[in-house]
Amino acid sequence: MENNTTNPYKTPEATVENTPTGQLFNVFDRFTAWGVCGLSLITFNIYNIYWLYSRTQKINDAMSLKISPMLVNIASVFGAFSVASNFIQFMPPAIGGILTLASLAYFVMYLIWCYKIRAAIHEHVNAQKGTYAWANAFLTIFGPIYLQYKINKIIDNE
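This note's numbering numbers the first residue of the sequence shown as 1 and each following residue consecutively.
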């Protein structure tokens with residue numbers, strides 16, 4: 001009878017499980033950043049709000065760092081006002097002023113929202129500064145287009 005530990009030519013017996021933890025392909029679908037850019041232009045930035053909202057739902061379902069639903073809801077309302085402000089020349093000046101203030105509030109909340117998504121992604125994949133998974137703080141102001149680019153880059157390298 002042959003002993004398994006003495007036979008150097010016997011194939012090792014091991015189970016290999018491909019269940020990575022902290023991987024983005026389990027959370028997000030890969031979608032082209034050019035598609036995000038095009039849809040944002042065609043829809044007057046309504047797609048940006050949708051992109052942020054849908055990615056936030058996925059983050060809150062799958063990741064440990066949650067984004068406040070209150071931030072999401074208030075920012076979405078201000079985002080709708082911001083989209084309406086694109087048609088400000090057709091409105092009375094008082095309503096135009098209110099929509100302009102709402103647009104300013106949306107811009108601040110939009111930046112906070114983008115940085116929270118960035119932080120959740122960094123925490124989920126344990127991103128280290130200087131690696132492909134690290135999203136640049138300055139470029140994050142470009143919002144969904146840059147964040148989708150980074151998500152795709154992380155998924156491609158997983």
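Backbone N, C-alpha and C fix where the C-beta goes; we use that ideal spot for every residue, glycine too.
Keep in mind the model is a prediction, meaning the values are calculated, not measured.
Nearest-angstrom Cα separation, counted from residue j out to residue i
{"i": "Y146", "j": "L65", "result": "20 angstroms"}
{"i": "P69", "j": "I155", "result": "26 angstroms"}
{"i": "G79", "j": "S54", "result": "14 angstroms"}
{"i": "A62", "j": "A137", "result": "23 angstroms"}
{"i": "V109", "j": "A135", "result": "Note that residue 109 is Met in the sequence shown, not Val. So the alpha carbons of these two residues sit roughly 19 angstroms apart."}
{"i": "Y115", "j": "P8", "result": "53 angstroms"}
{"i": "I151", "j": "Y132", "result": "10 angstroms"}
{"i": "F25", "j": "G130", "result": "21 angstroms"}
{"i": "T32", "j": "K10", "result": "46 angstroms"}
{"i": "A105", "j": "E13", "result": "60 angstroms"}
Candidates the options, of which the one nearest residue i by Cα
{"i": "F44", "options": "N86, Q23 and E123", "result": "N86"}
{"i": "Y50", "options": "V83, V27 and Q128", "result": "V83"}
The alpha helix (DSSP H) enclosing residue i, as first and last residue numbers
{"i": "D61", "result": "I46 to A62"}
{"i": "R118", "result": "P93 to V125"}
{"i": "Q148", "result": "P144 to N157"}
{"i": "S40", "result": "A33 to I42"}
Other residues of its chain near residue i: CB distance less than 8 angstroms, five sequence neighbours each side excluded
{"i": "I117", "result": "L52, R55, T56, I59, I67 and L147"}
Chain-order list of residues whose beta-carbon lies under 6 angstroms from that of residue i (same chain, five-residue window excluded)
{"i": "F81", "result": "L99 and A102"}
{"i": "N157", "result": "Y132"}
Neighbourhood of residue i by C-beta distance below 7 angstroms, restricted to the same chain and skipping five residues each side
{"i": "G143", "result": "N48, Y110 and C114"}
Presumed contact (8 angstroms Cβ cut-off) between residue i and residue j, rounded CB distance
{"i": "L139", "j": "I112", "result": "Not quite, the Cβ-Cβ distance comes to about 16 angstroms (not below 8 angstroms), so this is no contact."}
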